[in-house]
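According to the working numbering, the sequence shown holds residues 2 to 327 in order.
Here a beta-carbon is modelled for each residue, glycine too, at the ideal position from N, C-alpha and C.
Read the structure below first, then the notes.
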Amino acid sequence: MKGKHDMRGTILATVAMLTACVLGCGGEAEKQAAGSKGTIGVSVLTMTNPFFKTIADTITAEAAANGYATTITSGEFDVAKQQNQVKDFIVAGCSAIVLCPCDSRSIGPAIEEANAAGIPVFTADIACLAEGVDVVSHIASDNLGGGRLAAEAMIEALGDGGGEVVVLDFKQAESCILRVQGFKEVLEQHNTDHPDAVISIVAELPGDGKKDQGFKCTEDALQAHANLAGIFAINDPSALGARAALEKAGKADDVVIVGFDGQLDGRQAILEGKIYADPVQFPDRIAAMTVDSIVRYFAGDEVATQQLIPCELYRQAEAEADESLK
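As structure tokens, this is what we get:
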């Protein structure tokens, strides 16, 4: 009787082992068939801004072409939410993490956790400014150069008269800090060289990269500065919010707007003369370069710690030749 039980136990164990092997091998076969090398966890700043949706969509497509799955999330300007998303990526065992930080400094502890887990981190568009963290590579527009282009456009638009200018900024994002820095550098040099056509920054207001906040800040600026001549907005949503406020106040023809990004609605506004110019970014190039950097990193190739893509100034003349606006 005991022998029968032993034989039965042996048979059951063998069946279980064979079943596990079949299931395990089947799962591995499916993984190989899909060409999956792992999953890239991605958390962008927001999906309400087409710029970041393009980054997310392009990373997904480029990653798939290179054998990686993706998990796409969005912090929606909430760094605590983004930190939790990074924790989820770590628990899920993601092969790599890509961040567009909601706060360039406060995202530091989350990146440290990824570092401790041995997961390489890459940043796209917005860099991490926290000390003591390891980011393999930061891939972004040349935002400092883009800010300089924005200042050149403002000087061009205001002409010999100069005037008072307000900046709608977003100080939580490293990319926007650099845009404003470049803008200020060129204006300072212009004011030194042309003391009879000084352009003065009379206020820096928290537009936060959002249309509704850009609208509110512009309303406040119009009340505080009756002679306002120009607005530099760090992205298209805040620029479009500023334009709406100017139209509501009957000041649309009195104040020049220079935005940043070159999104479809921003370029359309430039075509219609509602925004003077944009330094244009290329989010698809940022995303493609980010995935390429991940692939090269895992191949053991050298990856630069910072990779910048130049911006290009886009005025009405460029808009009139833009086939995408036809």
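From the options, residue whose alpha carbon lies closest to that of residue i
| i | options | result |
| --- | --- | --- |
| Phe233 | Ser105, Leu326, Leu169 and Ala65 | Leu169 |
| Met155 | Ala118, Val80, Val187 and Glu63 | Val187 |
| Thr40 | Ile73, Ser75, Ser96 and Thr49 | Ser96 |
| Val120 | Tyr298, Tyr315 and Gly76 | One point to set straight first is that residue 120 is Ile, not Val, in the sequence displayed. Of the listed residues, the one whose Cα sits closest to Ile120 is Tyr298. |
| Thr72 | Gly162, Glu273, Gly215 and Ile60 | Ile60 |
| Glu248 | Phe261, Asn228, Gln269 and Glu220 | Glu220 |
| Asp143 | Phe283, Gly301 and Tyr315 | Phe283 |
| Glu77 | Thr306, Glu165 and Lys211 | Lys211 |
| Ala174 | Leu130, Ala318, Arg286 and Val199 | Leu130 |
| Ala289 | Met48, Gly42 and Asn67 | Asn67 |
| Lys275 | Asp285, Asp255 and Ile287 | Asp255 |
| Glu1 | Val203, Ala318 and Lys82 | No answer is possible for residue 1: the residues shown for the chain start at 2 and end at 327. |
| Leu314 | Ala278, Leu265, Ile178 and Glu113 | Ala278 |
| Ser37 | Tyr69, Asp104 and Asp89 | Tyr69 |
| Ser105 | Gln84, Phe90 and Glu153 | Gln84 |
| Ala198 | Ala250, Lys54, Leu159 and Leu145 | Leu159 |
| Lys217 | Ser201, Ala246, Glu132 and His195 | Ala246 |
| Gly267 | Ala300, Thr74, Ala243 and Ile178 | Ala243 |
| Gly263 | Ile202, Glu189 and Leu150 | Leu150 |
| Ala250 | Glu303, Gln224 and Ile178 | Gln224 |
| Phe171 | Gly94, Cys312, Gly301 and Gln214 | Gln214 |
Whether residue i touches residue j by CB criterion (8 Å)
| i | j | result |
| --- | --- | --- |
| Ala222 | Leu206 | yes |
| Ile310 | Phe123 | no |
| Val99 | Thr291 | yes |
| Asn261 | Gly147 | The sequence given here has Phe at residue 261, not Asn. Their beta carbons are under 8 Å apart, which means Phe261 touches Gly147 by this criterion. |
| Val1 | Ile108 | No statement about residue 1 is possible, as the shown extent of the chain runs from 2 to 327 and does not include it. |
| Phe90 | Gly42 | yes |
| Gln308 | Ser138 | yes |
Exposed unless 16 or more other CB atoms sit within 10 angstroms - verdict on residue i
| i | result |
| --- | --- |
| Ala322 | exposed |
| Thr193 | exposed |
| Ala227 | exposed |
| Asp209 | buried |
| Ala34 | Unreliable positioning characterises Ala34 in this predicted model, as indicated by a pLDDT of 31, which lies under 50. A coordinate reading is not provided. |
| Ser176 | buried |
| Glu63 | buried |
| Val92 | exposed |
| Arg286 | exposed |
| Ser325 | exposed |
| Ser44 | buried |
| His191 | buried |
| Ala30 | Only weak support is given to the placement of Ala30: the predicted model assigns it a pLDDT of 31, under 50, and the question is left unresolved by the model. |
| Leu46 | buried |
| Ala300 | exposed |
| Gly27 | Confidence at Gly27 is low in this model, with a pLDDT of 34, below 50, so its placement is unreliable and no value can be given for it. |
For residue j and residue i, believed in contact at Cβ under 8 Å, the rounded distance
| i | j | result |
| --- | --- | --- |
| Asn50 | Pro238 | 6 Å |
| Cys101 | Ile56 | 7 Å |
| Ala320 | Ile258 | So it is not a contact: roughly 14 Å between Cβ atoms. |
| Val166 | Ala230 | 7 Å |
| Phe184 | Ala204 | Not a contact, Cβ separation roughly 14 Å. |
| Ile235 | Arg316 | Going by Cβ atoms, the distance from Ile235 to Arg316 rounds to 18 Å, so no, they are not a contact pair. |
| Ala125 | Val87 | Not a contact, Cβ separation roughly 14 Å. |
| Gly163 | Ile200 | 5 Å |
Interface flag, residue i vs chain C, CB-CB below 8 Å
| i | result |
| --- | --- |
| Phe299 | The structure shown contains no chain C; it holds only a single protein chain. |
Residues bridged to residue i (per DSSP)
| i | result |
| --- | --- |
| His1 | Residue 1 lies beyond the residue range present for the chain, which begins at 2 and ends at 327; the question has no answer from this structure. |
| Ser75 | Val45 |
| Phe233 | Val168 and Val259 |
| Ser176 | Its beta-bridge partners do not exist; DSSP assigns none. |
| Ser239 | DSSP, once it has assigned bridges, lists no residue as partnering Ser239. |
| Leu206 | Leu169 |
| Ala278 | Val259 |
| Val99 | Val43 and Phe123 |
| Ala70 | Thr40 |
| Ser201 | Glu165 |
| Leu314 | Pro280 |
Any non-hydrogen atom of the ligand ZN closer than 7 Å to residue i Cβ
| i | result |
| --- | --- |
| Leu326 | As for the ligand ZN, it is missing from this structure, which has no ligand bound. |
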